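Novice: Taken in order, these protein sequences are the chains called A and B. Numbers 25 to 348, taken from the numbering used here, label the letters of the first sequence in order. Numbers 29 to 322, taken from the numbering used here, label the letters of the second sequence in order. Structure in structure tokens, see below.
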Amino acid sequence: MDNKDLTLTLGPAAEFNRPLVLTPGQDLFGFILNHVGRALLFLITCSSVLAVLLILFFVIVRSVPFLTDYSIADFLAGKAWHPTSDTPAFGGLTIIVGSLYVSLAALVFAVPLGIMAAVFLSDIVSWKIRNVVKPIVEILAAIPSVAYGFFAVLVLAPWMQKHFGFSTGTNALNAALILAVMALPTIISVAEDAISALGRELREASYGLGATRMETILKVVLPAAHSGIIAAVVLGMMRAIGETMVVWMASGNATQIPHPWWDLSQSIRTMTATIAGEMGEAPEGSSHRSALFAVGVLLLIMTFVLNIVSEYFLSRAKKNLGRS
Amino acid sequence: MREKEEPMPVSTTASEISKSDVKTTVVLGSQPARPAKAPASESLEAVIRSKDFSLYYGAKAGVQDITMDIYPRSVTAIIGPSGCGKSTFLRSINRMNDLIPHVRTEGVLAVDGHDIYDKRTNLVSLRQQVGMVFQKPNPFPKSIFDNIAYGPRLQGVRRRGELQHVVEQSLKAAAIWDEVKDDLKKSALALSGGQQQRLCIARALATRPRVLLMDEPCSALDPIATGRIEDLIGQLQSSYTIVIVTHNMQQAARVSERAAFFCLGELVEYDLTTKIFSNPSKKQTEDYVTGRFG
Chain A
25 MDNKDLTLTL GPAAEFNRPL VLTPGQDLFG FILNHVGRAL LFLITCSSVL AVLLILFFVI
85 VRSVPFLTDY SIADFLAGKA WHPTSDTPAF GGLTIIVGSL YVSLAALVFA VPLGIMAAVF
145 LSDIVSWKIR NVVKPIVEIL AAIPSVAYGF FAVLVLAPWM QKHFGFSTGT NALNAALILA
205 VMALPTIISV AEDAISALGR ELREASYGLG ATRMETILKV VLPAAHSGII AAVVLGMMRA
265 IGETMVVWMA SGNATQIPHP WWDLSQSIRT MTATIAGEMG EAPEGSSHRS ALFAVGVLLL
325 IMTFVLNIVS EYFLSRAKKN LGRS
Chain B
29 MREKEEPMPV STTASEISKS DVKTTVVLGS QPARPAKAPA SESLEAVIRS KDFSLYYGAK
89 AGVQDITMDI YPRSVTAIIG PSGCGKSTFL RSINRMNDLI PHVRTEGVLA VDGHDIYDKR
149 TNLVSLRQQV GMVFQKPNPF PKSIFDNIAY GPRLQGVRRR GELQHVVEQS LKAAAIWDEV
209 KDDLKKSALA LSGGQQQRLC IARALATRPR VLLMDEPCSA LDPIATGRIE DLIGQLQSSY
269 TIVIVTHNMQ QAARVSERAA FFCLGELVEY DLTTKIFSNP SKKQTEDYVT GRFG
């Protein structure tokens, strides 16, 4: 193309009419807009951080009376939770174990299923089907937990009682199964992202060396995506451990540690269900109420740790991709 | 496929390699060679035969009516402007395009006389025999050793000693052994781009393919690394059949014996490289190799 034509249609370079330096004197409106906009966005960002800090602060402050009065060792290791008896006991071990117990049991169901589903969506079905199925799976996460709870109490509990001969249908197994279903969308979605993000190169390298699809998935895709998959599992765990309504409705709420430990048919109680269930009847200023806040602090610490772990693995997953 | 037609030896049987090729006979040389079936007199029989081969992505043609023979133990370059179907054709030779949905082929593309688009084709053995090196180095996020041992392991090699041998020979053949021999446990991702690409070549050689497809293997590399890969191609050609797609015409002129010029999905001209670059029979080819077009 000729340069001459270009100059003729476009005309000469524009005369410079706006200053290169933004000062209030030269362009007051622009100056204000620039700084106000920046300040506004900064405030909005801060407010969410502030909300987290305030929650943390509030929960810790309310738990201080209990934590100073009552021995922390007894709180963490004591098995007796009798908050309303004449000599109240706040042994949190049963509910701590209860929370971990149903969450881990839920993961036992959800992790293999979730990873298999993620592999299926990323490597086996066509892109078109994946784009239909994945949003549907993610909708599972949007179903209100009380709806899951109703299902657990009205359908799953009687069914288990009838078919497995359990003494009660609201038990650890019931809660774990429902939690597994609730954790699945998170696990599938995050793991699928990690597996798809590997891209075509590694898969082609493997197929090009004569690997079958199974070999490619097991020996290249899953190992290469392991950081992202671990992050997915941890996020699923967070979802399970923080869930309240379902475990409250489905777990049976008995403060006991299952014996033998693998007997999922026994009722248990979780930290979240304890807070939700007892907060209403614990009078303001009582050590019972303060103890519930201490349970909240413990729960926060657990989810924070899990969050940090998942962030670590997600950032590692990203770094791995960047380098390959 | 492998059971029916015994492949020709990858590199070395004494009868086949002339004494002047001493340098390359060490390439994977001490491994048990595959049984030699084709006598030396047949060595100019084409390994890859394409007859009216077309490939479509849905309704769009990738390549059309390609008819060409690719000969053993030589380098064949495929040149042409972007989007002309060079890579598509190259990837057709080990059916890498199968991974792309809605791909359809017509005509015949035969390796060793077997139409690889036949339904009964064993893709695993096809890809073991027709190895591929990609445009972007794509080592697995594993150790150097595990990268090279990946193919042999797939073929069922388990013995540590045997694996070590294959790894060493492959790395030597790809001219990267001296740089990595002290640290085979190191992640392959820690290597430089040029080293990674030579590692990928070593990885492809470790399955002992008969044909090596190279899809612009130097496009992501600097001139020094490119020079090393080109030297390597020169060394490998006495044992392997190499098909290389390249944008770089000097490279094609330097490394190849025959060159095919593709344009708009069709094969315009295919001849000895010297002829393509000095005295092409088609005007279109001449315009391209002299830089007036493309």
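Each residue gets a CB set at the ideal place from its N, CA and C atoms; glycine is no exception. Because the structure is a prediction, the values reported are computed rather than measured.
When burial is assigned at 16 or more other CB atoms within 10 Å of the CB, is Val179/A buried or exposed?
Specialist: exposed
Novice: Please give the ranges of any beta strand (DSSP E) in the region 82-155 of chain B, keeping only runs that are unbroken, at least 3 residues long and fully inside the region.
Specialist: Runs found: 88-98, 103-107, 131-139.
Novice: Whole-angstrom Cβ separation of Arg340/A and Ser251/A, contact assumed at under 8 Å?
Specialist: 4 Å
Novice: Bridge partners for Ser71/A per DSSP, in chain order?
Specialist: BP columns for Ser71/A are empty, so no partner.
Novice: Mind pulling the chain A residues with CB within less than 7 Å of Gly179/B?
Specialist: Leu233, Gly234
Novice: So what does DSSP say about Thr296/A, is it helix, strand or coil?
Specialist: helix
Novice: The ligand COA and Val270/A: does any heavy atom of the ligand fall closer than 7 Å to the residue's C-beta?
Specialist: With respect to small molecules bound, the structure shown includes none, and the ligand COA cannot be examined in it.
Novice: Taking 8 Å as the CB-CB limit, is Leu338/A close to chain B?
Specialist: no
Novice: Any beta-carbon of chain A closer than 8 Å to the one on Ala64/B?
Specialist: Residue placement at Ala64/B is poorly supported in this model, since its pLDDT is 39, which falls under 50; the coordinates still yield a value, given next. Chain A, which has no Cβ nearer than 8 Å to the Cβ of Ala64/B, makes this no.
Novice: Under 8 Å, CB to CB, which of the residues in the region 243-257 of chain A have a partner in chain B?
Specialist: Lys243, Val244, Pro247, Ala248
Novice: Does the pairing of the region 109-124 of chain A with the region 271-286 of chain A give three or more beta-carbon distances under 8 Å?
Specialist: yes
Novice: Establish whether the CB of Met364/B and some CB of chain A are separated by less than 8 Å.
Specialist: Nothing about residue 364/B can be reported from this structure: the residues present for chain B run from 29 to 322 only.
Novice: With 8 Å set as the bound, which would you pick, yes or no: does the beta-carbon of Gln59/B sit closer than that to a beta-carbon of chain A?
Specialist: Any answer about Gln59/B is weak, because its pLDDT of 39 lies below 50 and its placement is not dependable; what the coordinates show is given next. So, not an interface residue.
Novice: Which of the three DSSP states, helix, strand or coil, is assigned to Phe289/B?
Specialist: Note: Phe289/B maps to strand in three-state DSSP.
Novice: Any C-beta of chain A sitting closer than 8 Å to the C-beta of Leu56/B?
Specialist: The predicted position of Leu56/B is uncertain, since its pLDDT is 47 and thus under 50; no value can be drawn from it.
Novice: Please identify the residue among Pro168/A, Ser169/A, Leu201/A, Val170/A whose C-alpha is closest to the C-alpha of Met184/A.
Specialist: Leu201/A
Novice: With C-beta atoms as the reference, is Met319/A less than 8 Å away from Leu259/A?
Specialist: A small correction: the amino acid at residue 319/A is Val; Met does not occupy that position in the sequence shown. Result no, Cβ atoms of Val319/A and Leu259/A do not sit closer than 8 Å.
Novice: Nearest chain B C-beta to Ala229/A closer than 8 Å, yes or no?
Specialist: yes
Novice: With three or more C-beta pairs closer than 8 Å as the rule, is the region 152-161 of chain B touching the region 89-99 of chain B?
Specialist: no
Novice: Rank Asp210/B, Pro167/B, Ile204/B, Gly222/B by C-alpha distance to the C-alpha of Leu233/A and give the top, closest one.
Specialist: Pro167/B
Novice: When DSSP labels each residue in this structure, what does Lys152/A get in the three-state scheme?
Specialist: Note: Lys152/A maps to helix in three-state DSSP.
Novice: Going by Cα to Cα distance, which pick from Thr69/A, Lys342/A, Ile212/A is closest to Glu162/A?
Specialist: Ile212/A
Novice: Between the C-alpha atoms of Glu70/B and Leu300/B, what's the straight-line distance to the nearest angstrom?
Specialist: Legend: pLDDT at Glu70/B = 42, less than 50; position of this residue unreliable, value from coordinates given subsequently. Straight-line Cα distance between these residues: approximately 19 Å.
Novice: Return the chain-ordered list of same chain residues with a C-beta closer than 6 Å to the C-beta of Ala234/B, the five sequence neighbours on each side being excluded.
Specialist: Result list for Ala234/B: Ile176, Gly179, Pro180, Val194, Ser198, in chain order.
Novice: Identify which residue in Leu324/A, Pro159/A, Ile79/A, Thr268/A has its Cα closest to the Cα of Ala300/A.
Specialist: Thr268/A
Novice: Which class does Arg320/B belong to by DSSP, given the choice of helix, strand or coil?
Specialist: coil
Novice: Run down chain B in chain order and give the residues with a C-beta less than 8 Å from the C-beta of Ser150/A.
Specialist: Within chain B, the residues near Ser150/A are Pro129.
Novice: Is the region 76-93 of chain B close to the region 120-133 of chain B, with three or more CB pairs under 8 Å?
Specialist: yes
Novice: So, for Glu216/A: in the same chain, excluding its five sequence neighbours on each side, which residues have a beta-carbon less than 7 Å away from its beta-carbon?
Specialist: Ala142, Leu145, Ser146, Lys158
Novice: So, Ile107/B versus Ala280/B, is the Cβ gap smaller than 8 Å?
Specialist: yes
Novice: Applying a beta-carbon distance threshold of less than 8 Å, which residues of chain A neighbour Asn166/B?
Specialist: Glu225, Leu226, Glu228, Ala229, Ser348
Novice: If you compare alpha carbons, which of Leu182/B, Ala203/B, His142/B, Glu285/B is closest to Asn122/B?
Specialist: Measuring C-alpha to C-alpha distances from Asn122/B to each of Leu182/B, Ala203/B, His142/B, Glu285/B identifies His142/B as the nearest.
Novice: Keeping to the same chain, check which residues put their C-beta closer than 6 Å to that of Ser230/A; ignore five residues upstream and five downstream.
Specialist: Thr240, Val244
Novice: With DSSP collapsed to three states, give me the class of Leu295/B.
Specialist: strand
Novice: Express the C-alpha separation of Asp51/A and Leu57/A in angstroms, rounding to a whole number.
Specialist: 10 Å
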